[in-house]
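Undergrad: The structure's right below; bear with me while I get my questions together.
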Amino acid sequence: MYAEEIPQKRQLSANQVRFLEKNFELENKLEPERKVQLAKELGLQPRQVAIWFQNRRARYKTKQLEKDSLKASYDRLKFDYDVLLKESETLKNEFLCEENGNKGHLENPTVKTTDSETVANMATMVSLFAPSFPLPCIPKFEACFYDDPPANSCNFGFQVEYQSLNFWS
Numbered sequence: 001m002y003a004e005e006i007p008q009k010r011q012l013s014a015n016q017v018r019f020l021e022k023n024f025e026l027e028n029k030l031e032p033e034r035k036v037q038l039a040k041e042l043g044l045q046p047r048q049v050a051i052w053f054q055n056r057r058a059r060y061k062t063k064q065l066e067k068d069s070l071k072a073s074y075d076r077l078k079f080d081y082d083v084l085l086k087e088s089e090t091l092k093n094e095f096l097c098e099e100n101g102n103k104g105h106l107e108n109p110t111v112k113t114t115d116s117e118t119v120a121n122m123a124t125m126v127s128l129f130a131p132s133f134p135l136p137c138i139p140k141f142e143a144c145f146y147d148d149p150p151a152n153s154c155n156f157g158f159q160v161e162y163q164s165l166n167f168w169s
């Protein structure tokens, strides 16, 4: 019986949605007079029109935030791609110069002018890809020997008798 008393939610027709969308494009805020006018034209309650506009503004804001986030991600990725592309060209030219025995003179015809930040980023990337030490000097984690920690493991490497109770005095 209780379910019979609650009026069923009515879905808007396609024509009503189109009409509301056109009005939303004109102005996304509703003045009270306009809300009543739209409700009369569509055969809806003014509250239904107000809620539709409120929901539509929320959807619009969510889409805009997502669009802005995607644009920022794209811009970051494009910048990183451009830096890597320039670095790749530089490395190719270095390789070709070394291969030709022309180590003293490096020229990159594709990179004419760069700002200092791009040069710094490229230098950082080059240093990451060119290790300054041979890899075999780094011990494998598995090759290291670790004793079981003693019972007084908070000793910072000192024997218990040499530790003071107050470290900062």
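Going by full-length UniProt numbering, the residue at position 140 of the sequence shown is 140; the numbering climbs one at a time, nothing skipped. Just so it is clear, CB atoms sit at the ideal spot from N, CA and C, and this is done for glycine as well.
(1) Return helix, strand or coil for Leu44, following the three-state DSSP convention.
(2) Among the candidates Glu21, Leu42, Pro32, Leu77, whose CA atom is the shortest distance from the CA of Arg10?
(3) Any idea what DSSP makes of Leu96, helix, strand or coil?
(4) Pop quiz: Arg57 and Asn28 are said to be a contact at Cβ under 8 Å. What is the actual Cβ separation, rounded to whole angstroms?
(5) Phe95: buried (16+ other C-beta within 10 angstroms of its C-beta) or exposed?
(6) Near Gln16, which residues of its chain fall below 6 Å by C-beta distance, leaving aside the five closest residues on each side in sequence?
(7) Just the C-alpha distance for Glu33 and Lys22, rounded to the nearest angstrom, thanks.
(8) According to DSSP, is Lys29 part of a helix, a strand, or is it coil?
(9) Pick helix, strand or coil for Gln54, following the three-state DSSP scheme.
TA: The structure says:
(1) coil
(2) Leu42
(3) helix
(4) 6 Å
(5) exposed
(6) Leu42
(7) Put simply, the backbone Cα of Glu33 is about 17 Å away from that of Lys22.
(8) Of the three classes helix, strand and coil, the one that applies to Lys29 here is coil, per DSSP.
(9) helix
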